[in-house]
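**Q** The following block contains the structure, expressed as structure tokens.
In UniProt numbering, the protein residues as written are 1 to 293.
Okay, structure coming up:
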């Protein structure tokens with residue numbers, strides 16, 4: 001019998017996991033997967049629990065929650081040897097990574113993927129020694145995801161981000177950046193934001209980085225040059241269609257390693273969570289982990 005450890009955020013997805021947990025455990029148990037659970041209690045708890053689960057030799061680790069919970073679990077696993085495969089039950093507000101991977105929304109379907117042992121390798125990003133699975137970035141609007149209170153996200157979901165975004169648009173201001181990447185000349189100037197994508201689903205936009213691949217050993221980098229509010233709104237509309245690369249204000253390239261610095265105070269967003277500040281060194285661990293997908 002396989003042994004699995006399920007790490008879940010009890011507040012994610014309108015606290016849906018509390019209701020689903022008995023059925024998930026029963027379905028896995030019937031298939032020969034003995035699963036123990038851990039409900040997270042605060043920041044960093046999922047990271048500690050995931051690290052301990054790897055060290056204790058679990059055959060499977062599963063994360064249930066939003067992108068923040070998934071990021072913590074990844075940080076507890078990445079960098080270790082002989083990693084078990086990771087399962088993901090998407091219960092958060094945006095679930096960007098799960099959407100990019102085509103992970104089923106129905107818990108029954110995802111349990112069956114785990115039972116059938118259908119896995120694929122994925123890259124893991126590194127930002128100043130911390131790991132991210134889907135996105136890293138900096139700039140005013142990248143702060144949305146960790147500024148919205150978790151209770152508000154639980155209550156009204158995606159609408160919470162829209163409300164915060166409207167609030168921040170009135171105070172949008174550029175940041176000065178210097179970007180150095182392997183094989184490219186120095187990129188510098190005033191930018192509204194920069195994003196480093198590991199998949200093609202970023203912030204609910206499925207065409208923001210359409211060529212990003214989770215297993216190609218590369219990071220897809222998008223930086224938006226200084227613009228006014230009207231221009232910014234127009235570019236957001238273009239990004240919904242995937243037409244934004246035609247605008248000269250959008251810088252796009254692929255790299256396996258880059259450095260970003262700024263004389264301004266710029267906070268980093270890693271998978272929707274506060275991830276420190278610039279300067280930053282960003283690189284990739286190619287096909288470092290297998291996930292059920």
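Beta carbons are placed, not taken as given, at the ideal position from N, Cα and C, and that holds for glycine.
Which same chain residues, not among the five before or five after residue 217, have their C-beta less than 8 Å away from its C-beta?
**A** Only 123, 256, 284, 286, 287 meet the Cβ criterion.
**Q** How many Å lie between residue 234 and residue 244 at the Cα?
**A** Taking the straight line from one Cα to the other gives about 9 Å.
**Q** Within the continuous alpha helix (DSSP H) that includes residue 73, where are the two ends?
**A** Residue 73 -> alpha helix (DSSP H) spans 67-77.
**Q** Have a look at residue 79 and residue 230 and give me their C-alpha separation to the nearest angstrom.
**A** About 43 Å.
**Q** Among the candidates 193, 276, 184, 45, whose CA atom is the shortest distance from the CA of residue 250?
**A** It is 193 whose Cα lies nearest to the Cα of residue 250.
**Q** Residues bridged to residue 136 by DSSP?
**A** DSSP output for residue 136 lists 196, 270 as bridge partner(s).
**Q** With respect to 7 Å, is the separation between the Cβ of residue 32 and the closest non-hydrogen atom of the ligand ATP below this value?
**A** Although the ligand ATP was asked about, the structure shown includes no ligands whatsoever.
**Q** Could I get the ranges of all uninterrupted beta strand (DSSP E) runs contained in the segment 180-256, with 3 residues as the minimum, in chain order?
**A** Listed in chain order, the complete beta strand (DSSP E) runs (minimum 3 residues) inside the segment 180-256 are 187-197, 219-225, 250-255.
**Q** Could you tell me the alpha carbon to alpha carbon distance between residue 76 and residue 33, rounded to whole angstroms?
**A** Spanning the two alpha carbons is a distance of roughly 22 Å.
**Q** Within this structure, are the beta carbons of residue 42 and residue 60 separated by less than 8 Å?
**A** Going by C-beta atoms, residue 42 is not nearer than 8 Å to residue 60.
**Q** With burial defined as no fewer than 16 other Cβ atoms inside 10 Å of the residue's Cβ, what is the status of residue 1: buried or exposed?
**A** Its Cβ having fewer than 16 others within 10 Å, residue 1 is exposed.
**Q** Below 8 Å on the Cβ atoms is my guess for residue 181 versus residue 258; work out the distance and round it to an integer in Å.
**A** The Cβ separation is near 4 Å, so the contact holds.
**Q** Can you list, in chain order, the stretches of the alpha helix (DSSP H) that have 4 or more residues and sit fully within the UniProt domain "DAGKc" (1-131)?
**A** With a minimum length of 4 residues, the continuous alpha helix (DSSP H) runs that stay inside the UniProt domain "DAGKc" (1-131) are 12-30, 45-55, 67-77, 96-100, 107-115.
**Q** With respect to the beta strand (DSSP E) encompassing residue 289, which residues constitute its N-terminal and C-terminal limits?
**A** Start and end: 280-292.
**Q** Helix, strand or coil for residue 177 per DSSP?
**A** Strand at residue 177.
**Q** Using the C-alpha atoms, what's the distance from residue 99 back to residue 137?
**A** Each residue's alpha carbon lies about 19 Å from the other.
**Q** For my contact list, residue 265 and residue 277 are in at a C-beta cut-off of 8 Å; report their separation, rounded to the angstrom.
**A** Indeed, because the Cβ distance is near 7 Å, the residues count as touching under 8 Å.
**Q** Is the beta carbon of residue 24 sitting closer than 8 Å to the one on residue 73?
**A** No, the Cβ-Cβ distance between residue 24 and residue 73 is not below 8 Å.
**Q** For residue 280 and residue 268, which I take to be in contact (beta-carbon distance under 8 Å), what is that distance rounded to the nearest angstrom?
**A** The Cβ separation is near 6 Å, so the contact holds.
**Q** Which one or two residues does DSSP pair with residue 261 in a beta bridge?
**A** Beta-bridge pairing links residue 261 to 178.
**Q** Spatial neighbours of residue 252 within its chain, please: C-beta separation below 6 Å, excluding the five flanking residues on both sides.
**A** Excluding positions up to five away in sequence, the list reads 222, 245.
**Q** Keeping to the same chain, check which residues put their C-beta closer than 8 Å to that of residue 172; ignore five residues upstream and five downstream.
**A** Closer than 8 Å at Cβ, skipping near neighbours: 140, 141, 192, 229, 232.
**Q** Does the beta carbon of residue 121 sit closer than 8 Å to a beta carbon anywhere in chain B?
**A** Of the chains in the structure shown, none is chain B; there is only one protein chain.
**Q** Do residue 197 and residue 135 count as a contact pair if the criterion is CB distance below 8 Å?
**A** Closer than 8 Å, so yes.
**Q** How many angstroms separate the CA atom of residue 219 from the CA atom of residue 248?
**A** When rounded, the distance between both Cα atoms is 21 Å.
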